[in-house]
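Take 0 as the starting number for the sequence shown in numbering that gives the first Met the number 0 and just add one per residue.
Encoded as structure tokens, the structure appears first; notes follow it.
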Amino acid sequence: MEAKNIQQILLKRAYEEVEVFEEGMNRFRVFTPFMFGDGDHISVVLKKEREQWILSDEGDTLSHLSLLGVSENVLYGTRCDLVNGILEEFNTENRGGELVVR
């Protein structure tokens, strides 16, 4: 199987499994097929802040990781540099535990 075929299959499957539900004015819950290892879905909210739209986990990701035993120390020291590098690579901001993409 070629990489192009694999990409098309993945995009089609992800597209089919994404659902969006309105939760209020300028706020939508986005359900994706992506999950944590324990089966909980990754929380995604699309909402308007001031004059721009953002995707937010509303603090759920880091909270979930702490429940799985990942210490808050991951946000400090050498590990912090690694985490910040990953967030930067995906244009994601850590706003006090809330992961946000503008």
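A virtual CB, placed ideally from N, CA and C, is assigned to each residue, including glycine.
What you are looking at is a predicted structure, and each value in this text was computed from that prediction instead of being measured.
Exclusion of the five residues before and after H63 leaves F35 and D39 as the residues of its chain whose Cβ lies within less than 7 Å of its Cβ. Following the DSSP letters along the chain, one finds R26 inside the beta strand (DSSP E) bounded by residues R26 to F30.
Beta-carbon to beta-carbon, F27 and L45 are separated by about 4 Å, close enough to satisfy the 8 Å threshold. Per DSSP, the continuous alpha helix (DSSP H) segment holding V82 begins and ends at G76 to E88. Taking the Cβ atoms as the reference, E97 lies roughly 21 Å from D37, outside the contact range of under 8 Å. For E15 and F30, the gap between their C-alpha atoms comes out near 11 Å.
DSSP places L98 inside the beta strand (DSSP E), whose first and last residues are E97 to V100.
Between W52 and the set R78, V100, V82 and N93, the nearest pair of CA atoms involves V100.
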